[in-house]
Every structure is written in structure tokens, then in C-alpha cells.
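Inspection log for the structure reproduced underneath, given as C-alpha cells.
2 protein chains.
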Amino acid sequence: MSGRPDPARATSADVARLAGVSRATVSFVLNDTEPGRVSDATRARVRAAAEQLGYVSNAAARALRAGRSNLVLMPATQAAIGRLVSDWLDDLQQALHEYGYTLVLHGGRGAGPVEVARAWAEMRPAAVLAPVPGLTPAAVELLHTAGVRAVIATGGEPVPGAHTLIFRQEELGRLAAAHLIERGRRRLAVLMPGERGLDAFAAERLAGVRLAAEGQGVEVTPVPLRYDWDDALALARSWPGFDGVFGYNDDYALLLVRALQEVGLEVPGAVAVAGADDLLPGRIARPALTSVRIDLSGAGELAALVHRLIEEPAEAGVVDTVRMQLIVRDST
Amino acid sequence: MSGRPDPARATSADVARLAGVSRATVSFVLNDTEPGRVSDATRARVRAAAEQLGYVSNAAARALRAGRSNLVLMPATQAAIGRLVSDWLDDLQQALHEYGYTLVLHGGRGAGPVEVARAWAEMRPAAVLAPVPGLTPAAVELLHTAGVRAVIATGGEPVPGAHTLIFRQEELGRLAAAHLIERGRRRLAVLMPGERGLDAFAAERLAGVRLAAEGQGVEVTPVPLRYDWDDALALARSWPGFDGVFGYNDDYALLLVRALQEVGLEVPGAVAVAGADDLLPGRIARPALTSVRIDLSGAGELAALVHRLIEEPAEAGVVDTVRMQLIVRDST
DNA sequence: GTGAAAGCGCTAACAG
DNA sequence: CTGTTAGCGCTTTCAC
Numbered sequence: 001m002s003g004r005p006d007p008a009r010a011t012s013a014d015v016a017r018l019a020g021v022s023r024a025t026v027s028f029v030l031n032d033t034e035p036g037r038v039s040d041a042t043r044a045r046v047r048a049a050a051e052q053l054g055y056v057s058n059a060a061a062r063a064l065r066a067g068r069s070n071l072v073l074m075p076a077t078q079a080a081i082g083r084l085v086s087d088w089l090d091d092l093q094q095a096l097h098e099y100g101y102t103l104v105l106h107g108g109r110g111a112g113p114v115e116v117a118r119a120w121a122e123m124r125p126a127a128v129l130a131p132v133p134g135l136t137p138a139a140v141e142l143l144h145t146a147g148v149r150a151v152i153a154t155g156g157e158p159v160p161g162a163h164t165l166i167f168r169q170e171e172l173g174r175l176a177a178a179h180l181i182e183r184g185r186r187r188l189a190v191l192m193p194g195e196r197g198l199d200a201f202a203a204e205r206l207a208g209v210r211l212a213a214e215g216q217g218v219e220v221t222p223v224p225l226r227y228d229w230d231d232a233l234a235l236a237r238s239w240p241g242f243d244g245v246f247g248y249n250d251d252y253a254l255l256l257v258r259a260l261q262e263v264g265l266e267v268p269g270a271v272a273v274a275g276a277d278d279l280l281p282g283r284i285a286r287p288a289l290t291s292v293r294i295d296l297s298g299a300g301e302l303a304a305l306v307h308r309l310i311e312e313p314a315e316a317g318v319v320d321t322v323r324m325q326l327i328v329r330d331s332t
Numbered sequence: 001m002s003g004r005p006d007p008a009r010a011t012s013a014d015v016a017r018l019a020g021v022s023r024a025t026v027s028f029v030l031n032d033t034e035p036g037r038v039s040d041a042t043r044a045r046v047r048a049a050a051e052q053l054g055y056v057s058n059a060a061a062r063a064l065r066a067g068r069s070n071l072v073l074m075p076a077t078q079a080a081i082g083r084l085v086s087d088w089l090d091d092l093q094q095a096l097h098e099y100g101y102t103l104v105l106h107g108g109r110g111a112g113p114v115e116v117a118r119a120w121a122e123m124r125p126a127a128v129l130a131p132v133p134g135l136t137p138a139a140v141e142l143l144h145t146a147g148v149r150a151v152i153a154t155g156g157e158p159v160p161g162a163h164t165l166i167f168r169q170e171e172l173g174r175l176a177a178a179h180l181i182e183r184g185r186r187r188l189a190v191l192m193p194g195e196r197g198l199d200a201f202a203a204e205r206l207a208g209v210r211l212a213a214e215g216q217g218v219e220v221t222p223v224p225l226r227y228d229w230d231d232a233l234a235l236a237r238s239w240p241g242f243d244g245v246f247g248y249n250d251d252y253a254l255l256l257v258r259a260l261q262e263v264g265l266e267v268p269g270a271v272a273v274a275g276a277d278d279l280l281p282g283r284i285a286r287p288a289l290t291s292v293r294i295d296l297s298g299a300g301e302l303a304a305l306v307h308r309l310i311e312e313p314a315e316a317g318v319v320d321t322v323r324m325q326l327i328v329r330d331s332t
């Protein structure tokens, strides 16, 4: 029982017919291209006709004609990372909008990086912005071949063929671990979240901890932890005597802190715990959580970079904007 | 406009040429339509040619041809709401993918609902899924006129012209407030977050609290609170003697609890506080936070509904899947 | 100041 | 079993 008949979706040809002009004129008027070309009277007629018909332009047709869409794609998993990131995304979206682009979070969950990249490439986005683990050289190659102008990776190491926004996940681990070691901790645990999409970041942060520990006579152990109270409690109950913890981020760190407290292990007395992201819950926790602050400002600059790369594709380059800073509080 | 020659993006015509077949055959092979129509040998040749050229189909062309895209659009602001929602989105994305749809979080920040709806309509999505405040009747009308098959609203009241997924924000407030009142609280505060995108929800939740308070001799006061420690502290310092609080959600509730504790106001002794969402931080807080649990299960069912509505548009209907449940803990 | 017309890449009748 | 072909709606050159 198809409820409503497909209403005749108005096309620019319909608008042209109603306004008594050609489709070309409609295009000129509605896009404000070639300013003084169409007379004011005609413009008004066209506008009125479009209004009357409820005309909405067809992005697919425009994209087909232009050879690319005005979409800027990011993986949606990014959004799930936390408040820090989602607030920043909002700024980025705003900034891109001012250049005429539409930020789209694409939930491309596929078998592997290349499958995901293919799904993205099909949309012929103007730009793709993604963390390194997803942008393998093959994926970058595929995107370029499909005509994506700007491929921007965020990660620790420059990605061949792509512009890279350096964001050293390792640095998070390194800063926190160096601090823990300086505080005299010698048996470090690194929480490894089991949650989707986080494993790649966790591995890099762990590498940073290892870097800081190197040659210091410090033992580093990755410890899996799901974001789940029972899991945390089980871990705390069979605590293997680590005296320092880097908690992946504030969420996981706080979870562990509470579990340790629950089983009578003092923080920071028995165990010092540091997180990352410097979010509000950590700041107001007791003890207040030592954390690594990530300065994700510069959404405007990033939007400008994206625009520049789209306009004139350049050789792969490297931009370094993300600043990090250790914030020492009571948990270490 | 383009400064450099675009790399030769392979089209289906290129694949056809290389494989020595027609474009139609390429289409049949790569889409697996009409099985048994093309010989195995030809299929293999086509596949090899596509592979060799790095062929990626063009979604815009397909959408233009099909009259609609395979996109399911949601406002991206939804993603920023919290872990509860973003986890659920991940499930939804997965479920939709199995039907061949692509979930896209669209950061359409525009002047008003109609402008945003227009931006969505341009993409000719198969379906749009959005909370009621954004889907005014005019916006729904616009989407339908543009040919969007399934328009699904989530909110407390059925939206004319759209399928509505009933999600009574008020119920959150009502459940929490009824509980507070039962506990003997008579001067209730309702936290009203100032953050972007949350005000509409906050207003509905407040309405729910008012509903519960009606005729009970209970005073209800909306209290603005930004998600910010200083703001919370200032509020706590000049606490106007409320004895019960509904905190919008767990995040804001926890923030206030900490601020109240900081200024020596006992929770729940002096002030009882309830939140919503039943997230982990509230469960492990001290005192553990009373909350309203929202059961957002059914991503699979929703995906099925979306698919059904796209396949055969039906009269606007109402679906009621979201269950809510008060979880009483120590903070009240 | 305005219109005609050529495609962009794809799918699906229809012909062979 | 495979090919030919007609558009989907839009922009933009070129001609009037």
C-alpha cells in the first residue's frame, strides 16, 4: 500500500518552464554565478517559480557534473571517542560549511581499510580526513585514483601520498609514563581498551609508554580492560602489584581508580594513575586525575587547509598543530 | 578551475573497453544483478579489468540514475550527546549496512529547520532520521516533496506526515521527579544545560518534571548550568535551598553532586540528585547516582523499519520502542 | 540578456 | 548470452 504517490519532484527544467526561461538561466540565477548576466525581473521570476514548486537542487546531479561532491568525509568512529572530539568536530563542521563543504561522518565499517576507502571513494568526496590506522598506503592510493583531491591523515607518522596532520598518540603515553617514572614508579600498567575502534590508538599510546620506560629499569605491561565495572573490579581484585598506570584516557583511568579504591588500594599511595584528554570528570574526581591535555584547537585552520588542498592539490606535506601538555593533579 | 589534469579516473566504460564488453555487461557483473546472464568467463574478464584499472563506481551517477541515494541521514549533533547514543549509532550503522544503506551523520547547522531540511533534501537520501525539534511540519513536507521516502522523527509527539519513534523525553523528567517527590522532596531544581543542541531536550524533560509535580505542592525551578566546574561551583555556593534535583543527565547530575559536596552540602542528605542515561560514571560514583535508564536497544528493528518504509512508503505511523526505567541508587 | 545542447557515469529496457 | 541506447538533473560553453 504505497501511501503517497511520488510527488513530482521539481527539477530545474520545471522551474525554467514555469518561469518561462531556459534551464541555463535557472542555474545562473539560483547559484548566483555570473552576477550581472540575468535581468532583475527574470531573476525574480525564477526565484518565485522555484519557491512555488518547492524546488530543491539535486546534489547527485551536481556532483556528477562537477566530477566531485562537496562532501568532506570522516570516519564516524571518531565521534564516539568522546566529548573532546565531538565538540571539536562541531567547530570543524562549522568552519568547513563556510567554505561550502559539508562534513559527513561516514560509518564505513568494512572488512579492511581498502574496503572502507572504496566505500568512501564511491561518494567522490572533495576530501577525506581520517586517522592513520585506516589510511594505509593502498587506501590512500585508491582514494587518489578515484579523484579525491585532499586526503588528510591524522597520526604519528607521515603517510605516503597523504597530507599528514601530526598527532602523536605515542606522545600521550610518553608524557604520562615519564611523569610516573619520575614519581618513582617502576612497574607500569597500560590499560588497553577492548572497545571498538580504540585498539589502534591504544597500541600507539602503549608504544609511547615503552619509549619512556626504555633503559630506566621499568617494567611495562599492557592490561586489557573493557569499559565495564565488573571487568575493572576483577582486575583490581587480582591486582598484580603495578605501582603506576597509564589509563588510555580519563574514562578508563577513572574507572580503574574507582575499582582500586573499592578493593582498598590507595591512589596515588599504592598506585599512581594518569589519564589523557583532560576532561571534566577527571578534574573533579577525588583524587583529581593527572592527565595529558590535548589541544584540539585550530578547527578553522584545518578547514582552511582542507580548502586549499582541494583547490590546488599539492605534494603530500606535514602539518603539526596538535599540542599536548601534562597536567599534574592528585592521582599521581 | 582545475589547475592540474585529474588523474584518469576509470569509469565503467573504461572497464568495458578493457574487458572487451559493453557497459551494460559491466554493470550486470559488478552489481551481481541478473545472475546467470553473463558467462563465467566474461564475468572474470570484467572483474579483472575493474581490478586492474582500480575502478570505483560513482555513487553520484548511480544516485542520479536511481532517483535517490542509499544514504540514511541523521543530524550529527546526535553523536555528541554521549556514549549511550554513539554506541547505539554504531549498531544502527551496522544494521543499515546489511540492508545496503549507508548511515551518514550530517552536520547540517543552518539557520532553521527548513534550511537544514533543504540541505538534507539535496542529497536525496533514502531516509532521514531526526529528533522532533528539527522536523517541523514544513521540514517534513520539504523532505517528502524532494522525494525522501522515509522520514522518521524521534520525539514525544507524533509528527504529522512522518513516522514517529516515540521517545518521551518528558518521561525521563517525570520518572525522576516522581521518585524525588516520593522521597519527600518538595523544592525541585531541574538543571538546564546551556550546551549546543541540548536545550530542546532539556525543555521537554523539564515539562515532565512539572507534570509529576502538579498538584503535589511541589515547587519546580529550572536552573541553567553549563558543563563547567566553575559554573557548577558558583551554583552550589549560592544554593537556593532546593532539596531535590533532576540533573538533565548523569553528566550534569554528577557535576552538580561534586560541586554540592565541595561546599559541604550532603547528597542525598541535604539534596537528593537524580540523573538520566544510567551511564557507568554514575554507577560508580559515590554516592552512586540514581538515574533513569534508557533502553536504546532495537537498532536492528529500527533498521528493518527504515528499510520497509523505503521500500513501500506508508502512511505516517507511530512506533514505540524506547523503554525507560528508574534505577534507584544512593544519591536520592 | 537568453537559449540550445553537450555531456558527467550509470542502469535497464529492448534488440539482437 | 551480449550490445545499443535512452535518459536521470545539472552546469557551462557557445551561439544568438
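Keeping their order, the protein sequence lines are chains Y and L.
1 is the number of the first residue of the first sequence in the UniProt record's numbering; add one for each residue after it.
1 is the number of the first residue of the second sequence in the UniProt record's numbering; add one for each residue after it.
All C-beta atoms, glycine included, are put in the ideal place defined by N, C-alpha and C.
Quick caveat, the model's predicted, so the values are computed rather than measured.
Asked                                                                                                                                 : Found
Residues bridged to H307(L) (per DSSP)                                                                                                : DSSP, once it has assigned bridges, lists no residue as partnering H307(L).
Rounded C-alpha distance that separates H231(Y) from L225(Y)                                                                          : Here residue 231(Y) is Asp; the residue named in the question, His, does not match the sequence. About 7 Å.
Proximal chain L residues relative to R47(Y), where beta-carbon distance stays under 7 Å                                              : Neighbours of R47(Y) on chain L: none; closest Cβ ~14 Å, over 7 Å.
Pick from V273(Y), L279(Y), S297(Y) that is closest to S331(Y), judged by C-alpha positions                                           : V273(Y)
Nearest-angstrom Cα separation, counted from T164(L) out to V116(L)                                                                   : 19 Å
Helix, strand or coil at V148(L) [DSSP, three-state]                                                                                  : coil
Whole-angstrom distance between G147(Y) and V318(Y), CA atom to CA atom                                                               : 21 Å
Among A139(L), V223(L), A314(L), G36(L), the one whose alpha carbon lies nearest that of V245(L)                                      : V223(L)
R205(L) beta carbon less than 8 Å from that of G173(L)                                                                                : yes
Residue 333(L) in three-state terms, based on DSSP                                                                                    : Any property of residue 333(L) remains undetermined from this structure, which presents chain L solely from 1 to 332.
Distance between R118(L) and G300(L) (C-alpha atoms, nearest Å)                                                                       : 28 Å
Within the UniProt domain "HTH lacI-type" (10 to 66) of chain L, ranges of the alpha helix (DSSP H) (whole runs, at least 4 residues) : 12 to 19, 23 to 31, 40 to 53, 59 to 66
Residues that S291(Y) bridges to, as DSSP identifies them                                                                             : G275(Y), I327(Y)
Own chain, CB closer than 7 Å to G134(L), minus 5 neighbours either side, in chain order                                              : P75, P113, V116
C-beta neighbour in chain L for I327(Y), strict 8 Å                                                                                   : no
Any chain Y beta carbon closer than 8 Å to H106(L)                                                                                    : yes
Integer Cβ distance of P125(Y) from L73(Y), believed to fall under 8 Å                                                                : 4 Å
Under 8 Å between C-beta atoms of I310(L) and R47(L)                                                                                  : no
Proximal residues to A200(L) (C-beta, below 7 Å), its chain only, five neighbours per side dropped                                    : P133
8 Å Cβ cutoff, R9(L) in contact with chain Y                                                                                          : yes
DSSP state of R187(Y) mapped onto helix, strand, coil                                                                                 : strand
Where L254(Y) sits in the DSSP three-state scheme                                                                                     : helix
Beta carbon proximity, V56(L) to chain Y, threshold 8 Å                                                                               : yes
Beta-carbon spacing of S69(Y), A63(Y) below 8 Å                                                                                       : yes
Y101(Y) to A127(L) span [Cα, whole Å]                                                                                                 : 21 Å
Residue interval of the beta strand (DSSP E) (run including V130(Y))                                                                  : Note that residue 130(Y) corresponds to Ala in the displayed sequence, not to Val. Run containing A130(Y): 127 to 131, per the beta strand (DSSP E) assignment.
P160(Y) in three-state terms, based on DSSP                                                                                           : coil
Residues near T221(L) by beta carbon distance below 8 Å, same chain, minus five either side                                           : R187, L188, A189, V190, P240, F242
Contact belief for V271(L) with L265(L) at Cβ below 8 Å, rounded distance in angstroms                                                : 6 Å
Per-residue DSSP class, three states only, for G155(L)                                                                                : strand
Residues near P5(Y) by beta carbon distance below 7 Å, same chain, minus five either side                                             : At P5(Y) the pLDDT is 40, less than 50, meaning the model places this residue with poor confidence; the figure from the coordinates comes in the next sentence. Around P5(Y): no qualifying Cβ.
Residues near R183(Y) in its chain [Cβ-Cβ closer than 7 Å; skip 5 each side]                                                          : A272, T332
Beta strand (DSSP E) runs wholly inside the stretch 203 to 262 of chain L, at least 3 long, in chain order                            : 219 to 225, 244 to 246
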